[in-house]
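Chemist:
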Ligand code: CTP
Ligand code: MG
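Numbering (my numbering), first residue to last: 26 to 275.
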């Protein structure tokens with residue numbers, strides 16, 4: 026928790042919804058991804074601490090695996106979390122979109138700004154969280170942290186036959202592309218409206234706001250906000266934690 030992180034001025038309270046209901050199929054067999062350990066602590070607890078580290082965040086809503094809400098409640102009870110922050114746990118749904126909507130449904134009145142943060146991004150620095158909140162406070166309806174791409178991206182078409190190579194149909198100009206992370210930050214009413222009206226499948230919440238025809242802006246993301254998706258990402262996450270411990274003098 027940094028002392029210089031954003032305080033919470035009267036009138037703008039921020040809540041964070043953390044979807045953590047996924048299975049983690051790409052990570053391989055085992056417990057639901059958010060409950061797996063990183064440096065001995067469940068990934069979800071890292072993610073909750075990362076968001077609660079922002080002094081602006083007064084409520085964290087954790088969207089638990091559908092049959093795991095009780096387990097998540099006891100995990101939150103068992104780990105040290107900031108006293109100034111309130112916590113709620115709700116069961117999630119079949120898709121990330123549904124899980125986020127269930128989290129939004131549980132939000133009490135009185136929070137004007139909502140962050141949505143993947144439990145699978147446990148190491149996001151508080152400065153990134155604060156930068157997203159600040160951009161919403163400055164008037165943006167939707168804010169995403171994002172980074173330039175290292176790899177060139179190709180758009181492909183369907184393979185002409187099963188097993189045949191896919192044809193490349195386009196190469197978007199890399200300099201204009203960004204890889205988008207979380208937390209994504211929103212004016213609460215805008216995000217609630219997007220979740221009520223947009224039914225298309227999207228892979229992030231800001232995409233739903235775009236479908237309403239509203240503007241979304243980008244702030245700089247952070248390399249430590251990467252998503253733990255595949256087994257190699259766990260190796261990277263452990264290495265980041267080790268580096269932090271060394272830098273903190275432990
Ligand atoms: N998520 C969720 N509810 C779902 C699916 C996903 O709350 N039904 C959450 C995940 O727990 C994760 C975040 O959305 O924190 C991002 O999703 P992703 O990285 O795809 O996680 P999983 O869906 O668990 O992984 P996979 O797609 O490999 O199964
Ligand atoms: Mg998924």
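By construction, the Cβ of each residue, glycine as well, lies at the ideal position given by its N, Cα and C atoms.
As the structure is a computational prediction, the values presented were derived from the model and not from experiment.
1. Between the alpha carbons of residue 241 and residue 219, how many angstroms are there, rounded?
2. Could you compute how far the alpha carbon of residue 272 sits from the alpha carbon of residue 154?
3. State yes or no: is the C-beta of residue 147 within less than 7 angstroms of the C-beta of residue 233?
4. Counting only runs of 3+ residues fully inside the segment 46–108, write out the beta strand (DSSP E) ranges in chain order.
5. Return the first residue and the last residue of the alpha helix (DSSP H) that residue 162 is part of.
6. Which residue from 202, 168 and 190 puts its Cα closest to that of residue 229?
7. DSSP state of residue 130, grouped into three classes?
8. Looking at the ligand MG, does it come within less than 6 angstroms of residue 47, judged from the CB to the closest heavy atom?
9. Between 99, 43 and 75, which has its C-alpha nearest residue 88's C-alpha?
10. Under three-state DSSP, which class holds residue 210?
11. Can you tell me whether residue 260 is buried or exposed? The criterion is at least 16 other CB atoms within 10 Å of its CB, across all chains shown.
12. Please determine whether the Cβ atom of residue 117 lies at a distance below 6 angstroms from any heavy atom of the ligand CTP.
13. Taking the CB atoms as reference points, tell me whether residue 217 and residue 129 lie closer together than 7 angstroms.
14. Helix, strand or coil for residue 202 per DSSP?
15. Got a sec: does the ligand CTP put a non-hydrogen atom nearer than 6 angstroms to the Cβ of residue 207?
16. Classify residue 245 as helix, strand or coil using the three-state DSSP reduction.
17. Over the uninterrupted alpha helix (DSSP H) stretch that includes residue 231, give me the two end residues.
18. Would you say residue 113 lies against chain B (beta-carbon separation less than 7 angstroms)?
19. Is there at least one non-hydrogen atom of the ligand CTP closer than 6 angstroms to the beta-carbon of residue 130?
Modeler: Put simply:
1. Taking the straight line joining both Cα atoms gives about 13 angstroms.
2. 21 angstroms
3. no
4. 82–89
5. 151–162
6. 168
7. Helix.
8. yes
9. 43
10. strand
11. exposed
12. yes
13. yes
14. coil
15. no
16. strand
17. Residue 231 -> alpha helix (DSSP H) spans 230–236.
18. Among the chains in the structure shown there is no chain B, since it carries only a single protein chain.
19. no
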